[in-house]
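Student: Per our numbering, residue 124 is the first one in the sequence shown, and the count goes up by one each step.
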Amino acid sequence: MIDNNLAKIGEKKQSVTSSILWLAIAEIFFNFSGYIIHAFLGRMLGPADYGRYGLVVTLTTMIIMLIGNGIPTAMSKYISGFFENQPGLVLSVKKKAALLQFVLIGIITINPLFCVIQLSLRFFAFLL
124 MIDNNLAKIG EKKQSVTSSI LWLAIAEIFF NFSGYIIHAF LGRMLGPADY
174 GRYGLVVTLT TMIIMLIGNG IPTAMSKYIS GFFENQPGLV LSVKKKAALL
224 QFVLIGIITI NPLFCVIQLS LRFFAFLL
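#1: Quick check: the region 218-228 against the region 178-196, are there 3 or more CB pairs under 8 Å?
#2: Which of helix, strand or coil does DSSP assign to Glu207?
#3: Please tell me whether Val216 and Ile202 are closer than 8 Å, where the distance is taken between their beta carbons.
#4: Reducing DSSP to helix, strand and coil, say where Leu168 ends up.
#5: Just to check my reading of the structure: Tyr158 and Gly165 have Cβ atoms closer than 8 Å, yes? What is that Cβ distance to the nearest angstrom?
#6: Cα separation between Ser243 and Ala149?
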């Protein structure tokens with residue numbers, strides 16, 4: 124019985140170690156690719172265009188951090204309150220949180236597109 128429990132603990136440690144390793148590799152690849160992209164875009168774009176690109180990337184990152192970190196944190200706090208008493212609600216809360224994330228990301232992504240369309244229509248109507 125004790126050997127069986129020790130084997131399970133060993134498997135979990137190996138799984139956690141493997142997960143940490145893969146996460147570290149992914150982070151290194153992500154940061155390196157971002158560095159390469161910025162280096163090439165800095166050479167290809169002019170100062171004004173690169174400034175616009177930097178502004179868009181910054182705003183997008185802020186929105187993703189808010190939605191990507193805020194909703195899961197709130198969800199985990201909410202789930203921890205009834206995890207032992209009502210475990211059936213966990214899946215329901217996860218589905219609702221995922222739906223909320225998709226809706227918010229969709230609204231935030233599509234809204235600027237409509238604003239740009241409206242502004243460009245007004246600008247071109249002014250020129251005509």
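Each residue gets a CB set at the ideal place from its N, CA and C atoms; glycine is no exception.
Keep in mind the model is a prediction, meaning the values are calculated, not measured.
Tutor: On the basis of the coordinates in this document:
#1: yes
#2: coil
#3: yes
#4: Here Leu168 sits in coil by DSSP.
#5: Not a contact, Cβ separation roughly 11 Å.
#6: Rounded to whole angstroms, Ser243 to Ala149 spans 39 Å at the Cα level.
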